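Trainee:
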């Protein structure tokens, strides 16, 4: 089964994301987000060094949905404003602790080469529109709508 797929949405971009675990769902959301931004993940792999030193990103929110929005919003802010990407992903975990969900990700924050900046799809915001993380038949799934 695919880890993510782009879906049609009127005047916006949509992404369906899947995972066997909640952490895998977030890993696939990371890949799907950059796919929406650049059209091909291979471009990032070809143009960015995989040996760069990883940075640590930690986020905590009261629900899985809030954490997914916060995570994708952080990726979006970095790519749209700072012109940086967290790539390649070294590790990502999501855990529930003390009534909150916490994400910990290790990935180098790298400057976008000019040729990638020119191909970047502008995403204004990650929305809560219809967002729900469900678990069915041992699989997590979420649909995320991005305002363009």
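Numbering (our numbering), first residue to last: 3 to 150. We put the CB at the ideal spot given by N, CA and C, even for glycine. Fair warning: this is a prediction, and the values are worked out from it, not measured in the lab.
Classify residue 97 as helix, strand or coil using the three-state DSSP reduction.
Mentor: Against the chain shown, residue 97 aligns to sequence position 95. Three-state result, residue 97: strand.
Trainee: Would you list the one or two residues that DSSP bridges to residue 103?
Mentor: Locating residue 103 in the chain shown gives position 101, counting from the first residue. DSSP, once it has assigned bridges, lists 63 and 98 as partnering residue 103.
Trainee: Looking only at DSSP bridge pairs, what is residue 142 linked to?
Mentor: Start at 1 with the first residue of the chain shown, and residue 142 comes out as number 140. Answer by DSSP bridge pairing, in chain order: 21 and 137.
Trainee: With respect to the alpha helix (DSSP H) encompassing residue 119, which residues constitute its N-terminal and C-terminal limits?
Mentor: For the purposes of this step, residue 119 is taken as residue 117 along the chain shown, with counting starting at 1. From DSSP, the alpha helix (DSSP H) with residue 119 extends over 116-119.
Trainee: Any idea if residue 139 is buried or exposed, counting beta-carbon neighbours within 10 angstroms, 16 or more meaning buried?
Mentor: On the chain shown, residue 139 is found 137 positions in, with the first residue counted as 1. When all chains shown are included, residue 139 counts as exposed.
Trainee: Hey, would you say residue 105 sits closer than 8 Å to residue 55, going by beta carbons?
Mentor: Here residue 105 is taken as the residue at index 103 of the chain shown, counted from 1. Here residue 55 is taken as the residue at index 53 of the chain shown, counted from 1. No, the Cβ-Cβ distance between residue 105 and residue 55 is not below 8 Å.
Trainee: Determine the burial state of residue 7: buried for a count of at least 16 other Cβ atoms within 10 Å of its Cβ, exposed for fewer.
Mentor: As a position in the chain shown, residue 7 is number 5, starting the count at 1. Per the 10 Å Cβ criterion, exposed.
Trainee: My output table needs one value for residue 225: the three-state DSSP class, helix, strand or coil.
Mentor: Residue numbering for the chain in the displayed model covers 3 to 150; residue 225 lies beyond these limits and cannot be assessed.
Trainee: Alpha carbon to alpha carbon, how far is residue 102 from residue 73? Give it in angstroms, no decimals.
Mentor: As a working mapping, residue 73 is identified with position 71 in the chain shown. As a working mapping, residue 102 is identified with position 100 in the chain shown. So the alpha carbons of these two residues sit roughly 14 Å apart.
Trainee: Does the Cβ of residue 28 have 16 or more other Cβ atoms within 10 Å, making it buried, or fewer, making it exposed?
Mentor: The residue labelled residue 28 in the question sits at position 26 within the chain shown. Counting Cβ neighbours within 10 Å, residue 28 comes out buried, since at least 16 surround it.
Trainee: Is the distance from the Cβ of residue 89 to the Cβ of residue 121 below 8 Å?
Mentor: Locating residue 89 in the chain shown gives position 87, where the first residue counts as 1. Locating residue 121 in the chain shown gives position 119, where the first residue counts as 1. Contact flag unset, no.
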